[in-house]
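In terms of this note's numbering, the sequence shown opens at residue 793 and continues consecutively.
The beta carbon of each residue, even a glycine, is placed where N, CA and C say it ideally should be.
Worksheet: the structure to be examined is printed underneath.
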Amino acid sequence: MTSRERVHAAFQHKQPDRTPIFEREIKHPTDSAILGRPAIHPYNWPEFMRVWAHEGWRTAMEGYADDEFEILRLLEFDMIRLVPNPPSSAPRPVELDPFTFQQGDSVFRYHPASGVVEDLNARTRDLNRWEDDFRASVEKEYAPPNLSDDQLFVWRRIRKHMADAGLDVAIYVSLYAIPVAALPPFALEWFVTAPELLERYYEKQSQWVIDTARLFRREGAEIAGLGGDFAGDTGPVISPRVYRERVVPHIRRQSDALHEMGFWTTNTTDGYLWDVLPDFLEGSHVDGYGEIDVAAGMDLGRLKKEWGERFTFLGNLDIRWVLCDGTPEEAQAEMERCIVQGSGNGGHIIMTSNVVHEDVRPDLYLAAIDRYREYFGLPPRKKV
793 MTSRERVHAA
803 FQHKQPDRTP
813 IFEREIKHPT
823 DSAILGRPAI
833 HPYNWPEFMR
843 VWAHEGWRTA
853 MEGYADDEFE
863 ILRLLEFDMI
873 RLVPNPPSSA
883 PRPVELDPFT
893 FQQGDSVFRY
903 HPASGVVEDL
913 NARTRDLNRW
923 EDDFRASVEK
933 EYAPPNLSDD
943 QLFVWRRIRK
953 HMADAGLDVA
963 IYVSLYAIPV
973 AALPPFALEW
983 FVTAPELLER
993 YYEKQSQWVI
1003 DTARLFRREG
1013 AEIAGLGGDF
1023 AGDTGPVISP
1033 RVYRERVVPH
1043 IRRQSDALHE
1053 MGFWTTNTTD
1063 GYLWDVLPDF
1073 LEGSHVDGYG
1083 EIDVAAGMDL
1093 GRLKKEWGER
1103 FTFLGNLDIR
1113 WVLCDGTPEE
1123 AQAEMERCIV
1133 QGSGNGGHII
1143 MTSNVVHEDV
1153 RPDLYLAAID
1163 RYREYFGLPP
1173 RKKV
């Protein structure tokens, strides 16, 4: 069974030869720990920008593609997330110091303690001006996405690497474009003060998702993450009724359109969702659930028991506690828990409960990966 076949079996609720494994994003320092050297991709932002600044766009994008593929090859994932890369027309960065780069009129600074990249120009942004600009963007006529060939340079180079290596790997895309918790504060108020404007925003976002998915489908994508964060540890940040009436119809529209293109779809958010799961899953017409937040109480075993006949679960290794502050033994036990709770009739793909973020300890994440390989009788993990 190839990797791609394994992923499709999970969505078809057929028992694969082993539970497929995937990670949406592996950030620094875990990316570099896997490679045994500094990774050259946007998740290791200073190194990526440094190469771009001193060696040019093509060298940076080649390094980006090659390192993404090398991580896939070393960890033997069954699915890879691909995204467009910056265009060659983007201004060449200028290194101001090891963590600060100027790009055109903007100056960006990387904060090592948090992994956040800050636009220093935004420090002077006025909230009223921000709202005016955001409102104007919502009110203007919709313009479909337009990707140039050079924005697919990394994507296509990775696909070529996979073909040359004989790897049949599924391609996942993130199309999270219906935010709630991530809305600007004034736009969150629009649920009450300007519902028609919020509706227009979501309508335009949905059309963007559909049009972008069509472009990605031509480039081999088959699995799409939809939705956007709308919940925390105590539940949704809006009422279940408002979620059902104002948010779900847009995700349903997206999922229906993507199904016609041949995609599998997932709805995606962190947080405690038990009270809204029927709308989140059934009402959205999706095939699965991503970002299953174990630390917020989303128990994979219960999900599998109550919803596992119809939906596929992507998750849910704990990256809030265990893979940040645990021991290697606890990390391995966490992987085994995830495998066991998700097993039976397909319907499960191993990944973290969000991403391998900056606070995940590389040794703990790799201990979990090693336990996965031991559990399924695979050879030891490839190392550089």
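Cβ-based burial, residue i [other Cβ within 10 Å; buried from 16]
i       : result
Asn920  : exposed
Tyr934  : exposed
Ser898  : exposed
Pro821  : buried
Met793  : exposed
Glu1098 : exposed
Trp1113 : exposed
Arg1102 : exposed
Ala957  : exposed
Ala1023 : buried
Ala1123 : buried
Lys1096 : buried
Thr1060 : buried
Asp1021 : buried
Pro838  : buried
Glu847  : exposed
Ala914  : exposed
Selected residue, minimal CA-CA separation from residue i, among the options
i       : options                               : result
Asp1003 : Pro977, Arg1045 and Asn1059           : Arg1045
Asp1048 : Asp1021, Ser1076 and Asp1062          : Ser1076
Asp924  : Ser898, Glu1121, Asp942 and Pro976    : Pro976
Ala928  : Phe891, Ala974, His953 and Ala979     : Ala979
Asn836  : Val908, Phe926, Ala1159 and Met1053   : Val908
Gly1134 : His903, Lys806 and Leu1092            : Leu1092
His1051 : Thr1061, Gly1080 and Val1068          : Gly1080
Tyr1164 : Ser824, Arg850 and Phe869             : Phe869
Glu1011 : Val1029, Gly1027 and Ile950           : Ile950
Pro936  : Leu1007, Pro971, Arg810 and Gly848    : Leu1007
Glu860  : Trp922, Met954, Ala905 and Ile813     : Met954
Glu862  : Asp1025, Arg842, Lys952 and Pro890    : Lys952
Pro1028 : Leu1156, Ala973 and Ile1043           : Ala973
Pro1070 : Val1040, Gly1089, Gly1054 and Lys1174 : Val1040
Leu989  : Gly1020, Tyr1167 and Phe926           : Phe926
Gly1089 : Asp1062, Gly1118 and Gly1100          : Asp1062
Ser906  : Phe1168, His1149, Glu931 and Gly1169  : His1149
Gly1107 : Asp809, Phe814 and Arg810             : Phe814
Glu1121 : Gly1136, Arg1094 and Leu1158          : Leu1158
Beta-carbon proximity list for residue i, same chain, < 7 Å, skipping 5 on both sides
i       : result
Val1152 : Thr822, Ile1111, Leu1115 and Cys1116
Leu944  : Pro876 and Glu1011
Thr1026 : Tyr1064
Tyr994  : Ile970 and His1042
Arg850  : none
Whole-number beta carbon distance between residue j and residue i, since they are thought to touch under 8 Å
i       : j       : result
Pro876  : Leu939  : 6 Å
Phe983  : Arg1038 : 7 Å
Val1147 : Lys819  : 7 Å
Glu887  : Arg901  : 12 Å between Cβ atoms; not a contact.
Ser795  : Met871  : 7 Å
Asp942  : Pro879  : 5 Å
Leu866  : Lys1174 : 5 Å
Gly1118 : Leu1156 : 6 Å
Val930  : Arg1009 : Actually they are not in contact, since the Cβ atoms of Val930 and Arg1009 sit about 27 Å apart, beyond 8 Å.
Met1053 : Ala1005 : 6 Å
Close Cβ partners of residue i (< 8 Å) along its chain, the five nearest in sequence each way excluded
i       : result
Leu1109 : Val1086, Leu1115, Glu1126, Met1127, Cys1130, Ile1142, Met1143, Thr1144, Ser1145 and Ala1160
Thr1104 : Ala802, Phe803, His805, Trp1056, Thr1058, Asp1079, Gly1080, Tyr1081, Gly1138, Gly1139, His1140 and Ile1141
Glu1172 : Contrary to the premise, residue 1172 reads as Pro rather than Glu in this sequence. Answer for Pro1172: Asp1162 and Arg1165, listed in chain order.
Arg948  : Glu1011
Glu797  : Pro808 and Asp960
Sequence-distant residues of the same chain with beta carbon closer than 6 Å to residue i, five excluded per side
i       : result
Arg873  : Arg816 and Tyr964
Val799  : Pro812, Asp870, Met871 and Ala962
Pro885  : Met841, Trp844, Ala845, Phe893 and Gln895
Val1132 : none
Gly1100 : Gly1139
Practice item. Kindly confirm or deny that the region 1028-1035 and the region 994-1012 touch, where touching means at least three C-beta pairs closer than 8 Å. Key: no
Check your understanding: Can we say the region 823-834 touches the region 855-862, given the rule of at least three CB pairs closer than 8 Å?
Key -> yes
Check your understanding: For the 8 Å Cβ check, are there 3 or more pairs between the region 962-974 and the region 1014-1024?
Key -> Taking 8 Å as the limit for Cβ pairs, the verdict is that the region 1014-1024 does touch the region 962-974.
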